[in-house]
Structure formats: structure tokens, C-alpha cells
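Participant: Going by our numbering, the first residue of the sequence shown is number 2, and it counts up by one from there.
Glycine is no exception: its CB is placed at the ideal position from the N, C-alpha and C atoms.
Small disclaimer: the values here were computed from a predicted structure and weren't measured.
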Amino acid sequence: MTSLWLAGTEEPTDDPWAPELGVQDAVIGAGLTGLVTAVLLARAGRQVTVIEARYPGAVATGNTTAKLSLLQGSHLSALRRYHSAETARAYVAANTAGQEWLLQYCAAHGVVVQRRPAYSYATTPDGVMTLRRELDHTHEAGLATEWVDDLALPFETLAGVRLADQAQFDPVQVLAALRAELRSWGGRLHHRIRVTGVRARRPCIVQTEAGELRADRVVLATGIPILDRGLYFALMEPQRSYAISFRGVSNAPTGMYLSVDQPTRSLRTAPRPDGTEQLLVGGNGHGVGRIRSELGQVEDLREWSHRHFPGAQETHWWSAQDYAPVDAMPVVGAVPGTGGRVFAATGYAKWGMTNAAGAALRLAAQLLGDETPAWGKALERRAPGPAVLARTGMVNAKVGAHATTGWLRTGASSRRTPPEGAGLVARSAAGPVGVSTVDGATCAVSAVCPHLGGVVAWNDAEKSWDCPLHGSRFAPDGSVLEGPATSPLKPRS
Ligand SMILES: Cc1cc2nc3c(=O)[nH]c(=O)nc-3n(C[C@H](O)[C@H](O)[C@H](O)COP(=O)(O)OP(=O)(O)OC[C@H]3O[C@@H](n4cnc5c(N)ncnc54)[C@H](O)[C@@H]3O)c2cc1C
2 MTSLWLAGTE EPTDDPWAPE LGVQDAVIGA GLTGLVTAVL LARAGRQVTV
52 IEARYPGAVA TGNTTAKLSL LQGSHLSALR RYHSAETARA YVAANTAGQE
102 WLLQYCAAHG VVVQRRPAYS YATTPDGVMT LRRELDHTHE AGLATEWVDD
152 LALPFETLAG VRLADQAQFD PVQVLAALRA ELRSWGGRLH HRIRVTGVRA
202 RRPCIVQTEA GELRADRVVL ATGIPILDRG LYFALMEPQR SYAISFRGVS
252 NAPTGMYLSV DQPTRSLRTA PRPDGTEQLL VGGNGHGVGR IRSELGQVED
302 LREWSHRHFP GAQETHWWSA QDYAPVDAMP VVGAVPGTGG RVFAATGYAK
352 WGMTNAAGAA LRLAAQLLGD ETPAWGKALE RRAPGPAVLA RTGMVNAKVG
402 AHATTGWLRT GASSRRTPPE GAGLVARSAA GPVGVSTVDG ATCAVSAVCP
452 HLGGVVAWND AEKSWDCPLH GSRFAPDGSV LEGPATSPLK PRS
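#1: Just how far apart, CA to CA, sit A142 and V456?
#2: When burial is assigned at 16 or more other CB atoms within 10 Å of the CB, is E421 buried or exposed?
#3: Please report how far the alpha carbon of P326 lies from the alpha carbon of G32, in whole angstroms.
#4: Determine the burial state of V113: buried for a count of at least 16 other Cβ atoms within 10 Å of its Cβ, exposed for fewer.
#5: Go through its chain and collect everything with a Cβ distance to A366's Cβ below 8 Å, but skip five positions before and after it.
#6: Could I get the ranges of all uninterrupted beta strand (DSSP E) runs contained in the segment 301-328, with 3 residues as the minimum, in chain order?
#7: How about N96 and S4: do their beta carbons lie closer than 7 Å?
#8: Rounding to the nearest angstrom, what Cα-Cα distance links A519 and V220 in this structure?
#9: Determine the closest residue to R241 out of D478, A321 and L69, with distance taken between C-alpha atoms.
#10: Looking at the structure shown, is P489 part of a helix, part of a strand, or coil, going by DSSP?
#11: Between L136, S447 and R230, which has its C-alpha nearest T339's C-alpha?
#12: Beta-carbon separation of H448 and V481 under 7 Å?
#13: Quick one: what does DSSP say A384 is sitting in, helix, strand or coil?
#14: Using the beta-carbon count (16 or more within 10 Å), is T14 buried or exposed?
#15: If you follow the alpha helix (DSSP H) that N96 is part of, which residue opens it and which one closes it?
#16: Could you tell me whether any non-hydrogen atom of ligand 1 is closer than 6 Å to the CB of T66?
#17: At which residue ranges does the segment 11-63 contain complete beta strand (DSSP E) runs of 3 or more residues, listed in the order of the chain?
#18: When the Cα of G188 is compared with those of V28, R342 and R269, which residue comes out closest?
#19: Have a look at F344 and F234 and give me their C-alpha separation to the nearest angstrom.
#20: G286 to H140, Cα distance in whole Å?
#21: Checking the sheet assignment: what are the DSSP bridge partners for W466?
#22: For a quick check, are the C-beta atoms of A329 and T66 less than 7 Å apart?
#23: Answer yes or no: do A358 and W102 have a C-beta to C-beta separation smaller than 7 Å?
#24: Does any heavy atom of ligand 1 sit closer than 6 Å to the C-beta of M354?
#25: Would M257 pass as a contact of G348 if the rule is Cβ separation under 7 Å?
#26: At a cut-off of 6 Å, is Y106 close to ligand 1 when judged by its beta-carbon and the heavy atoms of the ligand?
#27: Determine the DSSP secondary structure at L179, reduced to helix, strand or coil.
#28: Over the uninterrupted beta strand (DSSP E) stretch that includes G334, give me the two end residues.
#29: Starting from the C-beta of A98, find all residues in its chain whose C-beta is less than 6 Å away, skip the five residues before and the five after it, and write them out in chain order.
#30: For the alpha helix (DSSP H) containing V129, name the first residue and the last one.
#31: Checking 7 Å against the spacing of the C-beta atoms, do R133 and Q169 come in under that value?
#32: Within 10 Å of its beta-carbon, does F156 have 16 or more other beta-carbons around it, so buried, or fewer, so exposed?
#33: For S121, report the span of its beta strand (DSSP E) as first-last.
#34: Ligand 1 and G30: does any heavy atom of the ligand fall closer than 6 Å to the residue's C-beta?
#35: To the nearest angstrom, report how far apart A144 and E463 are at their CA atoms.
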């Protein structure tokens with residue numbers, strides 16, 4: 002479905018594809034990470050080309066809730082389970098740098114920003130304990146958070162933590178400004194070209210569906226890196242969640258809110274060009290492809306919103322995914338084994354507005370040979386400690402179990418034509434086959450993800466095939482939508 006931000010926008014024009022020219026820096030992916038990185042490199046005089054598989058903002062950035070906040074639910078407590086206080090301070094410093102850069106950028110480029118306090122809040126006694134820990138960890142990391150007893154929300158809360166003077170914006174407006182600036186420096190942007198591989202040679206060879214491009218250096222700003230080298234996929238959990246926007250809400254809260262209890266609830270408002278103010282409600286996150294009905298999650302969020310915000314009239318709903326690192330710390334820097342020629346950034350755990358800009362600052366400094374910020378080292382690909390290894394083992398056991406159960410489950414369905422909007426995985430002589438019916442067209446594709454062989458599951462909200470292993474997603478006809486996979490599900494008769 003289309004987000005409030007992307008609705009009504011037209012796909013921007015792109016530049017003629019001329020791979021024979023080669024380039025100094027190729028940035029793969031036109032989300033916030035890719036476009037900020039590309040602008041920083043282009044400003045420094047580098048020849049930059051951005052290659053985007055779909056269109057700018059198509060994946061996470063155009064479908065975010067776009068809170069630009071240093072208070073991030075209970076994220077610092079999660080991070081402190083695996084890292085020292087010093088690393089937590091580096092994480093906050095990276096996010097602060099990203100936030101400051103974006104605020105200055107928006108001010109200089111006429112992108113409207115609303116300054117708002119951010120709140121993490123609890124609705125259960127366990128949540129209150131989580132909040133107390135978060136308060137301590139945010140203080141330890143130097144943030145001026147405060148305890149709040151009454152949040153004045155239209156449902157019962159027990160307590161909150163508040164950080165003043167945070168921000169929110171429309172992410173698609175930010176991407177538009179970045180695209181314009183990139184072009185003003187001579188940078189090029191290509192849409193609808195999927196990169197299928199990168200050979201880390203001197204120069205690198207960027208393999209795409211439209212031919213090969215040579216580049217001195219390559220930045221993978223693809224959400225999760227598309228190269229398996231570095232094993233990023235094994236360190237990340239793809240997490241999907243939902244958002245709905247409403248108009249006509251008279252009791253919309255003025256700040257930005259996120260519950261620390263499950264299921265999560267995220268709230269903010271958004272001024273629209275027609276002068277109205279909309280309420281955004283988000284939440285109900287879960288592992289990609291690991292839930293019986295995604296549509297059920299949307300219905301649940303809708304019902305909750307109508308219960309607490311009477312009179313709310315829905316304008317848009319959508320869903321998206323982001324990658325949560327097992328140790329809660331993003332990974333930004335050179336991809337191992339590429340001779341310092343290929344770089345990547347991932348693992349923002351749904352806090353990618355500040356993290357993406359921070360990552361871009363770090364990557365640009367590395368590529369330009371500038372002094373890297375003091376916090377940059379903490380973001381590099383690191384050797385996992387015992388706690389991280391234990392958690393990685395748990396996550397990958399869940400992944401393995403899902404792959405196996407996925408295969409076994411294929412025995413359960415016999416092949417038939419599913420009703421409109423539905424999909425099923427059936428057994429066939431050639432392995433599991435995914436059959437779906439969307440807009441009256443029935444398609445049959447291999448149900449085995451070409452990335453690492455997981456059996457895909459039908460997403461009844463987005464009408465897509467989603468892989469529970471590492472989050473690759475495919476359209477009903479098998480074409481790639483997102484994730485680490487770079488080739489489609491094969492057609493089946
Ligand atoms: C529901 C939801 C709500 C969120 N809310 C917030 C929030 O309030 N605040 C916050 O800070 N963060 C939030 N986040 C997180 C934030 O949106 C993301 O972390 C951030 O947008 C990631 O940006 P990115 O540029 O790294 O990735 P993306 O925006 O996903 O961009 C990656 C791009 O790479 C392209 N690509 C991928 N593979 C290829 C390929 N092979 N070839 C070419 N191109 C390719 C994709 O098409 C895509 O356009 C939220 C995330 C979700 C899912």
C-alpha cells in the first residue's frame with residue numbers, strides 16, 4: 002500500500018544510463034543512506050552515480066514514520082546489553098551528528114521540520130521498569146531525558162521518559178531536496194536498475210540488469226547489503242511493521258510517542274500541504290514472513306486507533322521493514338574482503354533517520370580520506386563477543402527452524418487457485434510452488450527464495466511473497482521487491 006508520504010508523488014525523472022563512462026563512486030540504493038552519502042561525495046568533487054532498483058524512497062525511507070529523535074524507545078537499554086557505556090555514547094554521538102546534519106540540511110533547503118518532544122512510554126509495570134533502565138542509560142550517554150508521570154494521552158499510561166526538542170519531517174521531501182542537490186553537483190541517478198552483484202576489483206565491476214559499470218569505490222546503501230560477503234544477513238533480524246494515517250482527529254497528541262511495551266504503538270502528527278494535520282499511528286512489528294496474517298496486524302492497529310481517537314478518518318495505510326542487528330548496533334564501513342573498495346551501512350533497527358545520516362557522514366569521510374569522526378570506529382564490523390554470539394545463535398536457530406517448517410508445511414496445501422488476494426504454498430514435483438491470485442491474475446512461482454533457500458510465505462497485506470529467513474520480498478510474479486535477494490522467484494507452470 003502507499004504511504005502518506007509517497008501518495009500523490011510522481012516518480013522523479015532519472016538520468017540516461019551510460020555505463021561505458023564509468024564513475025568514481027557508485028552508490029547502490031536511493032534511500033536516505035544512499036542519497037546523503039552521494040551528496041556528500043558529490044560536494045567533495047567526486048563523480049557519483051546512484052543506482053536504484055525501484056525509485057527513490059520506495060523501500061524503508063518512503064514508508065517510515067520519520068521521527069528524527071535521539072530518544073528511541075528503549076533502544077539504548079537493548080544496546081547496553083551487548084556493549085559498553087563508551088560504545089553507547091558513540092552510538093548517541095553518531096545519531097546526534099546525523100540529526101544535526103539533517104536539521105541543518107532541511108533548514109538550508111526549505112524542507113519543513115517540526116520540532117517536538119519525544120516520549121517513550123509504558124502501559125505495564127514491566128514497561129515502567131524498562132523505562133527506568135532507559136532513563137539511566139540515556140543519562141549515562143549524555144542525553145537530557147526526564148521522567149514524566151502524566152503523558153496526557155487518550156489511553157492509560159503509567160509513566161514516560163521525555164527528551165525535549167527532537168524533530169519530525171516528511172521523508173519524501175528530504176529525498177527530493179537531496180536528489181536536486183546531487184544533480185546540481187553533476188551526480189547521476191538511475192532508477193529501475195537492479196544491481197545483481199559487485200566484483201571488488203580495481204576498478205570494481207558493478208553488475209546490473211542493464212549491464213556492467215566500472216567504479217573506483219562502491220557503497221551498498223541497500224537497506225541490508227546485497228553481498229553475502231560479510232555475512233551481514235546472519236547478524237540482522239528483518240522486522241516488518243505497520244502505519245495508518247488519519248484526518249479529523251480532535252485529540253491528537255502534539256509530541257512523538259513510542260511505547261516500550263508490546264505490541265508497540267508509535268504516534269506522531271503530520272501537517273499536510275492542504276493545511277490539515279494528520280495523526281500517524283504505527284506499530285505491531287514482527288519478524289518478516291513469520292506471522293499468520295499481516296492484514297490482521299493492520300486491522301488490529303486500525304481498531305486500536307478508532308478506539309482511542311474517535312472520529313478518526315483513515316487516509317492511508319502501509320507497511321515496511323527494517324533490519325535490527327542482534328547486538329542493537331548498526332554496522333557501517335568497509336565490507337570485509339573487498340580491499341577497502343566496497344562499503345555498506347545497515348542495522349538501524351527502525352531508527353534510520355538519524356542513523357542513516359550518521360552512517361553517510363562516516364562513509365563519506367572514509368571514502369574521501371578525511372579524518373573519520375571519533376564515534377565512527379564503534380560502527381565498524383566487529384568481532385562478536387559471547388553475548389552477541391549467543392544471541393546470533395538464537396536468531397539463526399529461529400531462522401533454521403523456519404526454513405525447515407516452511408519446507409514441511411508445503412505438504413499441507415494441495416495446489417488450487419487461491420481466492421482474490423490470497424496465496425498458498427503447495428507441493429510439486431519440482432519443490433514448493435507459490436500460487437497467488439491478485440487483481441484477477443493467478444501466478445505460480447517457485448516458493449524457494451533464491452538468496453539462501455528459505456520457503457517464502459504469503460503476505461496478505463502487501464500481496465507479496467516474503468522470506469522468513471533474511472527478509473527478501475517478491476511480487477506475485479516473482480520479481481524482487483527488497484531484501485538481500487537479487488534474482489526473482491522462478492516462474493512455474
Ligand atoms: C514502519 C517503519 C517506521 C520507521 N520509523 C522510523 C522513525 O520514526 N524514525 C527513524 O529514525 N527511523 C524509522 N524507521 C527506520 C528508517 O525508515 C530506515 O532505517 C531508513 O529509512 C533506512 O534507510 P536506507 O536508505 O538505509 O534504506 P532504504 O530506504 O530501504 O533504501 C534502500 C534502497 O536500496 C534499493 N536497493 C535495494 N537493493 C538494491 C539493488 N540490488 N540494486 C539497486 N538498488 C537496491 C532499494 O530499492 C531502496 O530504495 C522506520 C522503519 C519502518 C519500517
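Facilitator: Quick answer:
#1: Looking up residue 142 in the sequence shown gives position 141. Looking up residue 456 in the sequence shown gives position 455. Using only the alpha carbons, I get a separation of about 42 Å.
#2: If you number the sequence shown from 1, residue 421 lands on position 420. By the 10 Å Cβ count, E421 comes out exposed.
#3: Residue mapping note: residue 326 aligns to position 325 of the sequence shown, counting from 1. Residue mapping note: residue 32 aligns to position 31 of the sequence shown, counting from 1. Distance from the CA of P326 to the CA of G32, rounded to the nearest whole angstrom, comes to 19 Å.
#4: Locating residue 113 in the sequence shown gives position 112, where the first residue counts as 1. V113 comes out exposed.
#5: Taking the first residue of the sequence shown as 1, we reach residue 366 at position 365. Hits under 8 Å: E372, T373, P374 and G377.
#6: 314-326
#7: Residue 96 sits at position 95 when you count from the first residue of the sequence shown. Residue 4 sits at position 3 when you count from the first residue of the sequence shown. No.
#8: Because the chain spans 2 through 494 in this model, residue 519 falls outside it and cannot be assessed.
#9: The sequence position of residue 241 within the sequence shown is 240, counting from 1. Here the closest residue by C-alpha is A321.
#10: Working through the sequence shown from its first residue, we reach residue 489 at position 488. Reduced to three states, the DSSP call for P489 is coil.
#11: By 1-based counting over the sequence shown, the position of residue 339 is 338. The shortest C-alpha separation from T339 is found at R230.
#12: Along the sequence shown, one-based indexing puts residue 448 at 447. Along the sequence shown, one-based indexing puts residue 481 at 480. Checking the sequence shown, residue 448 turns out to be Ala, not His. For A448 and V481, no; Cβs fall outside 7 Å.
#13: Here residue 384 corresponds to residue number 383 of the sequence shown, with the count starting at 1. DSSP, read as helix, strand or coil, puts A384 in coil.
#14: Against the sequence shown, residue 14 aligns to sequence position 13. So T14 ends up on the exposed side.
#15: For this step, residue 96 is matched to residue 95 along the sequence shown. Note, N96: alpha helix (DSSP H), A86 to A109.
#16: Numbered from its first residue, the sequence shown carries residue 66 at position 65. Yes; taking the cut-off as 6 Å, the Cβ of T66 has a heavy atom of ligand 1 nearer than that.
#17: 24-29 and 49-52
#18: In the sequence shown, counting from the first residue as 1, residue 188 sits at position 187. It is V28.
#19: On the sequence shown, position 343 is the one that residue 344 refers to. On the sequence shown, position 233 is the one that residue 234 refers to. So the two alpha carbons sit approximately 15 Å from each other.
#20: Within the sequence shown, numbered from 1, the residue matching residue 286 stands at position 285. Within the sequence shown, numbered from 1, the residue matching residue 140 stands at position 139. Whole-angstrom Cα-Cα distance: 27 Å.
#21: Numbered from 1 along the sequence shown, position 465 holds the residue referred to as residue 466. The partner list for W466 (beta bridge, DSSP) reads W459 and F475.
#22: Along the sequence shown, read from residue 1 onward, the residue named residue 329 stands at position 328. Along the sequence shown, read from residue 1 onward, the residue named residue 66 stands at position 65. Not closer than 7 Å, so no.
#23: Residue numbering aside, residue 358 sits at position 357 when the sequence shown is read from its first letter. Residue numbering aside, residue 102 sits at position 101 when the sequence shown is read from its first letter. In this structure, W102 lies closer than 7 Å to A358 by Cβ.
#24: Along the sequence shown, read from residue 1 onward, the residue named residue 354 stands at position 353. For ligand 1, at least one heavy atom lies less than 6 Å from the Cβ of M354.
#25: Translated into positions along the sequence shown, residue 257 becomes position 256. Translated into positions along the sequence shown, residue 348 becomes position 347. Going by C-beta atoms, M257 is not nearer than 7 Å to G348.
#26: One-based indexing of the sequence shown puts residue 106 at position 105. Not so, every heavy atom of ligand 1 lies at least 6 Å from the Cβ.
#27: Taking the sequence shown and counting its residues from 1, one reaches residue 179 at position 178. Looking at L179 - three-state DSSP - the assignment turns out to be helix.
#28: Looking up residue 334 in the sequence shown gives position 333. According to the DSSP assignment, G334 belongs to the beta strand (DSSP E) that extends over V332 to A335.
#29: Taking the first residue of the sequence shown as position 1, residue 98 is located at position 97. Here the set comprises G359 and L362.
#30: In the sequence shown, counting from the first residue as 1, residue 129 sits at position 128. Note, V129: alpha helix (DSSP H), P126 to E141.
#31: Mapped onto the sequence shown, residue 133 falls at position 132. Mapped onto the sequence shown, residue 169 falls at position 168. No, they are not a contact pair.
#32: Here the question's residue 156 lines up with position 155 in the sequence shown. Exposed, because fewer than 16 other Cβ atoms sit within 10 Å of the Cβ of F156.
#33: Position 120 of the sequence shown, counted from the first residue, corresponds to residue 121. Segment V114 to A123, the beta strand (DSSP E) holding S121.
#34: Residue mapping note: residue 30 aligns to position 29 of the sequence shown, counting from 1. Flag set: Cβ of G30 near ligand 1.
#35: What you label residue 144 is simply residue 143 of the sequence shown in a count that begins at 1. What you label residue 463 is simply residue 462 of the sequence shown in a count that begins at 1. Position check: residue 144 holds Leu in this sequence, whereas Ala was assumed. The alpha-carbon atoms of L144 and E463 are separated by roughly 38 Å.
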